[in-house]
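Read in order, the letters of the sequence shown are residues 1 to 252 in UniProt numbering.
Every residue gets a Cβ at the ideal spot worked out from N, C-alpha and C, and that includes glycine.
Being a predicted model, the structure only gives us computed values, none of them experimental.
Here is the structure we will look at, set down as structure tokens.
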Amino acid sequence: MTPYFSWKYSHRNHHANTNSLDNDEVYIPKRKSKVTLYSKILNNPPGRVFTLVFRLTLGFPLYLFTNISGKKYGRFANHFDPMSPIFTDRERVQVLLSDFGLLAVLYAVKLLVDAKGLAWVTCMYGIPVLGVSVFFVLITYLHHTHLSLPHYDSTEWNWIKGALSTIDRDFGFLNRVFHDVTHTHVLHHLISYIPHYNAKEARDAIKPILGEYYKIDRTPIFKAMWREAKECIYIEPDEDSEHKGVYWYHKL
């Protein structure tokens, strides 16, 4: 379950600051100096399997509850606290309304468990919710994690650079299942108000304009997921580049 207004506002911040190391809201990679010991311990095939399973199943709930992989605010932040630094003063009442909405849903689920039993609710509600969370993280992780995607500090970032630092992915027949969001994400960051049923047409219209700045990777999804988990561990500027505020992914 996702708090509606809370997610609306944090996602807006993400769109306004995409790939800014200082102000983006989510998927902020570590710099080399911040790579932890457990990242090094897990830098092997079994460790990557564990990392991917953990990220896909618990990544989204942990982001909502603890702001994991999110912007560093200097104090605890989450999507349920109206006083969280994620939100402005005028947004806090709506965050609280989102919390009340979630409580109402949880109460409805509790009544359903009483009526149908935990096993039935788990199968009919819990597993589908988990499936949504898994695919949501998989899709967004692959949209924002690729060796060709730079991140920028405050000396280099601007909105158009950030919006173009995403990549489309080809999920095959699942593109249609996911309303084409999988292979129209670059468009989504450039013109976010275009509805999904016009997204492919709009993407095809802007591709000739973007030219080399449009990015798509058609690598099979599970192969791509494994590759990015192996190669995109931390970011650092290229040593021989004069643009020290542009950071690129590296592997350990």
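Between the Cα of residue i and those of the options, spot the shortest distance and give me the residue it belongs to.
| i | options | result |
| --- | --- | --- |
| serine 241 | Glu201, Lys200, Glu156, Ile167 | Glu156 |
| tyrosine 9 | Thr182, Tyr249, Val93 | Val93 |
| tyrosine 234 | Asp22, Trp248, Leu190 | Trp248 |
| asparagine 17 | Tyr193, Leu58, Ile160, Ser6 | Ile160 |
| phenylalanine 60 | Thr2, Ala199, Ala108, Asn158 | Thr2 |
| serine 6 | Lys116, Pro46, Ser84, Lys200 | Ser84 |
| phenylalanine 54 | Val134, Leu210, Gly211 | Val134 |
| isoleucine 236 | Met225, Lys223, His250 | Residue 236 is actually glutamate in this sequence, not isoleucine. It is His250 whose Cα lies nearest to the Cα of glutamate 236. |
| residue 253 | Phe65, Gly131, Lys200, Gly74 | It is not possible to answer for residue 253, since the shown part of the chain is limited to 1 through 252. |
| threonine 145 | Trp226, Phe76, Pro208, Val132 | Trp226 |
| alanine 199 | Lys215, Asp180, Tyr214, Leu210 | Asp180 |
| leucine 164 | Thr122, Ala205, Tyr214 | Tyr214 |
| threonine 219 | Leu118, Ser39, Thr184, Gly172 | Gly172 |
| histidine 11 | His79, Leu37, Ile41, Thr57 | His79 |
| leucine 58 | Leu149, Ser33, Val129, His196 | Val129 |
| leucine 56 | Phe222, Leu37, Asp22 | Phe222 |
| isoleucine 206 | Thr184, Tyr38, Leu118, Arg90 | Thr184 |
| leucine 147 | Ala224, Ser33, Pro208 | Ala224 |
| tyrosine 197 | Pro208, Ile209, Asn175, Leu210 | Asn175 |
| tyrosine 73 | Thr182, Leu252, Asn23 | Asn23 |
| valine 132 | Ala115, Val177, Ala104 | Val177 |
For residue i, list the residues DSSP reports as bridge partners.
| i | result |
| --- | --- |
| aspartate 238 | Answer by DSSP bridge pairing: none, since aspartate 238 is not bridged. |
| arginine 31 | Ile235 |
| tyrosine 73 | Bridge partners of tyrosine 73: none, in fact. |
| valine 129 | Note: valine 129 sits in no beta bridge, so no partner. |
| valine 177 | Answer is none; valine 177 lacks a bridge partner. |
| tyrosine 247 | His151 |
| aspartate 217 | Arg169 |
| leucine 192 | The question names leucine, but residue 192 is serine in the sequence shown. None, per the DSSP bridge assignment. |
| serine 20 | Tyr152 |
Would you call residue i buried or exposed, if buried means 16 or more other Cβ atoms sit within 10 Å of its Cβ?
| i | result |
| --- | --- |
| glutamate 25 | buried |
| phenylalanine 50 | exposed |
| glutamate 212 | exposed |
| threonine 166 | buried |
| cysteine 232 | buried |
| isoleucine 86 | buried |
| residue 253 | Limits of the chain in this structure are 1 at one end and 252 at the other, which puts residue 253 out of reach. |
| leucine 42 | buried |
| valine 95 | buried |
| leucine 252 | exposed |
| threonine 182 | buried |
Can the beta-carbon of residue i be found less than 7 Å from the beta-carbon of residue j?
| i | j | result |
| --- | --- | --- |
| alanine 202 | leucine 187 | yes |
| aspartate 217 | arginine 169 | yes |
| asparagine 19 | histidine 151 | yes |
| aspartate 99 | glycine 245 | no |
| alanine 229 | leucine 52 | yes |
| histidine 15 | serine 192 | yes |
Beta carbon of residue i: closer than 6 Å to some heavy atom of the ligand MN?
| i | result |
| --- | --- |
| arginine 48 | For the ligand MN, the structure offers nothing, since it holds no ligand at all. |
Practice problem: Flag this pair as touching only if the stretch 26 to 42 and the stretch 66 to 75 have three or more C-beta atom pairs under 8 Å; answer yes or no. | Solution: Touching, per the Cβ criterion.
Quiz item: Do the stretch 100 to 112 and the stretch 129 to 140 meet, that is, are 3 or more Cβ pairs less than 8 Å apart?
Solution: Between the stretch 100 to 112 and the stretch 129 to 140 there are fewer than three C-beta pairs closer than 8 Å, too few to call the two in contact.
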